[in-house]
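Enquirer:
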Amino acid sequence: MPQTLNKSDIQAENDPSVSKQYDRETPLDEQIEDFYGIADKISIGLLTSHREPSGLISRSMAIAKREGPDFYFLCNKHSKKYSQMKSNPEVELGFNDPTTKNWISISGTATLSNDDPKIKDLYSKPVSAWFGDLGDGVHTGGPEDPRMTMIHVKPNYIIYYKTTVGALGYMKEIAQSTIMGSVADTGVIREFNESEISTMRSKA
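Those letters in the sequence shown? Residues 1441 to 1644, by this note's numbering.
1) Using the DSSP secondary-structure output, state which residues sit across from histidine 1490 in a beta bridge.
2) Ignoring anything shorter than 3 residues or poking outside the stretch 1505 to 1574, list the beta strand (DSSP E) runs there in chain order.
3) Count the other C-beta atoms from every protein chain shown that fall within 10 angstroms of the C-beta of valine 1593, then say buried if there are 16 or more, exposed otherwise.
4) Rank Arg1491, Lys1558, His1579, Glu1473 by C-alpha distance to the C-alpha of serine 1527 and give the top, closest one.
5) Work out the CA separation of aspartate 1469 and glutamate 1634 for me, nearest whole Å.
6) DSSP three-state label for glutamate 1634, please.
7) May I ask which residues mark the beginning and end of the beta strand (DSSP E) holding isoleucine 1591?
8) Ordered along the chain, which non-local residues of its own chain (more than five positions away) have a Cβ less than 6 Å from that of phenylalanine 1535?
9) Is there contact between the stretch 1579 to 1596 and the stretch 1555 to 1570, where contact requires at least three CB pairs shorter than 8 Å?
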């Protein structure tokens, strides 16, 4: 239901659309389960790195695997994103589900590896389409290709939004709030700090 806008809601550093949907009540285990459920329904996200000297840059990346709160991707060692993360490992991951309106934003650190045995587990044949086969028996686009690089993103902060209404309910909330001058209540916003993420990782 749309929530009434109060005088306290317009004070500095208070965004009512966030504060009224911020979830402090749901048990942590349930919040974690919901986070995994949302993440596992999204196959592609935006990976943001630092591009000097112009700043941040994002690109679409297919998730190779999620393991607890950590995410894995495969990329070409000769790509600019590789050199960017090699120079500055701080990254951001953004995921959005246009059907449900659910989203995830993750701040973390990227570790790069060309020889981790895990690459074979992450690899699938369609990945080779982004590498090509030189025909020299080495640069095959396969898991042993020296260009094949694993990106391991370890989050230190996670925030996500879970929609609690259906598509019609979402539109109704916005329409009613627009007419009534209230604040739409369409879902819940939750976040995990570094300590909670460490606990998630230990249980993965």
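In this text, a Cβ means the ideal position worked out from N, Cα and C, and glycines have one as well.
Expert: Taking the coordinates as given:
1) Answer is Leu1496.
2) Counting only runs of 3 or more, we get 1505 to 1507, 1510 to 1516, 1530 to 1536, 1543 to 1553.
3) Taking all protein chains in view, the Cβ of valine 1593 is crowded by 16 or more other Cβ atoms within 10 Å, so the residue is classified as buried.
4) Measuring from the Cα of serine 1527, the nearest candidate turns out to be Arg1491.
5) Computed Cα separation, rounded: 15 Å.
6) Helix.
7) Isoleucine 1591 -> beta strand (DSSP E) spans 1588 to 1603.
8) Correct list, in chain order: Ile1482, Gly1485, Ile1544.
9) Cβ pair count under 8 Å is three or more, so yes.
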